[in-house]
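Take a look at the structure below.
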Amino acid sequence: VQLQASGGGLVQAGGSLRLSCAGSGSIFSINAMGWYRQAPGKQRALVARITSSGTTGYADSVRGRFTISRDNAKNTVFLQMDSLKPEDTAVYYCAAYRAAIGAWDYWGQGTLVTVSS
Numbered sequence: 006v007q008l009q010a011s012g013g014g015l016v017q018a019g020g021s022l023r024l025s026c027a028g029s030g031s032i033f034s035i036n037a038m039g040w041y042r043q044a045p046g047k048q049r050a051l052v053a054r055i056t057s058s059g060t061t062g063y064a065d066s067v068r069g070r071f072t073i074s075r076d077n078a079k080n081t082v083f084l085q086m087d088s089l090k091p092e093d094t095a096v097y098y099c100a101a102y103r104a105a106i107g108a109w110d111y112w113g114q115g116t117l118v119t120v121s122s
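Heads up: take any position in the sequence shown, counting from 1, add 5, and you land on our numbering.
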């Protein structure tokens, strides 16, 4: 499975960005997709996830502001980020979860999101 993330950039606080993650390869083996982020000096943390059936989950810090969705026909997952805050600044990574091994097994390259105050 290969994941290609895109859509990062520089935005002012209160603005919006949409990240995309296009998947290819053995997509049928994937049970969930997610977005992680890593800010400077901090550990990588799960921001949002969506299962193959469409169930979503969010970190408390982004719930109500971020929306994860998927286009199964295009094997693409999106992260709509609204009301962005400077503390959302981080490198964002898309990832794929395989229940067979119980792990986020595949990772895309990171895309940098910078929110200016």
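Ideal Cβ positions, reconstructed from N, Cα and C, are used throughout, including at glycine.
- For the pair V16 and T119, the CB atoms are nearer than the 9 Å cut-off.
- Restricting attention to D87, G69, R49, the CA atom closest to the CA of W112 is found in R49.
- In its own chain, leaving out the 5 sequence neighbours on each side, no residue places its CB closer than 7 Å to the CB of I106.
- Looking at the DSSP output, D76 sits in a beta bridge with T81.
- Proximity of the stretch 83–98 to the stretch 63–73 meets the contact definition, three or more beta-carbon pairs being nearer than 8 Å.
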